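Add 112 to a position in the sequence shown, counting from 1, and you land on the number used in this note's numbering.
Note that beta-carbon positions come from the ideal geometry of N, C-alpha and C, so glycine has one too.
Just so you know, these numbers come straight off a predicted model, no measurement behind them.
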Amino acid sequence: MKKKFTKKELEYFKKLIIKTKEKITDEIKQISEDTLKKSQKDASGDISGYTYHMADVATDTYDREFSLGLASNERQSLYELDEAIKKIEEGTFGFCEECKSAIAKTRLKAVPFAKFCIKCQQKKEKR
Numbered sequence: 113m114k115k116k117f118t119k120k121e122l123e124y125f126k127k128l129i130i131k132t133k134e135k136i137t138d139e140i141k142q143i144s145e146d147t148l149k150k151s152q153k154d155a156s157g158d159i160s161g162y163t164y165h166m167a168d169v170a171t172d173t174y175d176r177e178f179s180l181g182l183a184s185n186e187r188q189s190l191y192e193l194d195e196a197i198k199k200i201e202e203g204t205f206g207f208c209e210e211c212k213s214a215i216a217k218t219r220l221k222a223v224p225f226a227k228f229c230i231k232c233q234q235k236k237e238k239r
C-alpha cells in the first residue's frame, strides 16, 4: 500500500468526518427529543380527554418505532465515522478493505467512512 493522501488532504477528510459526526449527533438528539420525551397524547396532537382510537395508537407507535430505527441507523454511522478517524490516525484511510486499492477521493468526499472502492461495494451489494 503506497501513501495516497497528503497531510493536508487527510486533515480535510478528518474535518469533514468531524463535521458529519456533529450533524448526525444533532439529528439523533432531535429524534430523541421528538420521540422519547413526548407522551402518546402529545405525539398524537390530541388535546381532548377522549380515549385513543386503536388505529391512532398503532400509527403513533409505528411513527415512534420508525424514528427510533432512524436514530439507530444514525448511531451506526457515528461508529463508522469513528472508525474512519482511527484509520486516518493509523495511515490506512482511503484504501479498500477488500482489494486494498485506493478509494476514489470523490467517493470519500461523498461517503467519508467508505470501507470499499466502488467496484468492491457493488460486488458486496450483489451478494
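### Query
Between the C-alpha atoms of LYS119 and ASP172, what's the straight-line distance to the nearest angstrom?
Sequence index remark: in the sequence shown, residue 119 carries index 7 (1-based). Sequence index remark: in the sequence shown, residue 172 carries index 60 (1-based). Their Cα atoms are separated by approximately 49 angstroms.
### Query
In terms of residue numbering, what span does the alpha helix (DSSP H) encompassing ALA222 cover?
Translated into positions along the sequence shown, residue 222 becomes position 110. Taken as a continuous stretch (DSSP letters only), the alpha helix (DSSP H) holding ALA222 covers 217-222.
### Task
Please state if the CB of PHE125 and the CB of LEU190 are separated by a distance shorter than 9 angstroms.
Position 78 of the sequence shown holds residue 190. Position 13 of the sequence shown holds residue 125. Not a contact, by the Cβ cut-off of 9 angstroms.
#### Entry: Integer-rounded CB distance, given that LYS238 should sit under 8 angstroms from PHE228
The residue given as residue 228 occupies position 116 in the sequence shown. The residue given as residue 238 occupies position 126 in the sequence shown. Wrong, their Cβ atoms sit about 13 angstroms apart, outside the cutoff.
### Query
Does the distance from the C-beta atom of ALA196 to that of PRO224 stay below 9 angstroms?
Here residue 196 refers to the residue found at position 84 when the sequence shown is read from its first residue. Here residue 224 refers to the residue found at position 112 when the sequence shown is read from its first residue. Yes, the pair counts as a contact, with Cβ atoms nearer than the cut-off.
### Task
Please report the Cβ distance between GLU177 and ILE136, rounded to the nearest whole angstrom; I am assuming they are in contact, meaning their Cβ atoms lie under 8 angstroms.
Taking the sequence shown and counting its residues from 1, the one referred to as residue 177 is at position 65. Taking the sequence shown and counting its residues from 1, the one referred to as residue 136 is at position 24. With 8 angstroms as the limit, GLU177 and ILE136 do not qualify as a contact, their Cβ atoms being about 20 angstroms apart.
#### Entry: ALA226 in three-state terms, based on DSSP
As a working note, residue 226 is residue 114 in the sequence shown. ALA226: coil per DSSP, three-state reduction.
### Query
In this structure, does DSSP put PHE117 in helix, strand or coil?
As a first step, residue 117 must be located in the sequence shown, where it is residue number 5. Three-state result, PHE117: coil.
### Query
Do you know offhand how far PHE207's Cα is from ASP138's?
Here the question's residue 207 lines up with position 95 in the sequence shown. Here the question's residue 138 lines up with position 26 in the sequence shown. Cα atoms of PHE207 and ASP138: separation of roughly 29 angstroms, rounded to the nearest angstrom.
### Task
Please determine, among THR218, LYS199 and LYS212, the residue with the shortest C-alpha to C-alpha distance to CYS232.
Against the sequence shown, residue 232 aligns to sequence position 120. Put simply, of THR218, LYS199 and LYS212 the residue whose alpha carbon is nearest the alpha carbon of CYS232 is LYS212.
#### Entry: ILE129 versus LYS116: straight-line alpha-carbon distance, rounded
Within the sequence shown, residue 129 is the residue found at index 17, counting from 1. Within the sequence shown, residue 116 is the residue found at index 4, counting from 1. Looking at the two C-alpha atoms, the distance is approximately 18 angstroms.
### Query
Is the beta carbon of GLU121 less than 9 angstroms from the beta carbon of LYS217?
Here residue 121 is taken as the residue at index 9 of the sequence shown, counted from 1. Here residue 217 is taken as the residue at index 105 of the sequence shown, counted from 1. Their beta carbons are under 9 angstroms apart, which means GLU121 touches LYS217 by this criterion.
### Task
Compute the distance between the beta-carbons of LYS133 and LEU193, then report whether it is under 9 angstroms.
Indexing the sequence shown from 1 puts residue 133 at position 21. Indexing the sequence shown from 1 puts residue 193 at position 81. Cβ distance < 9 angstroms, so LYS133 and LEU193 count as in contact.
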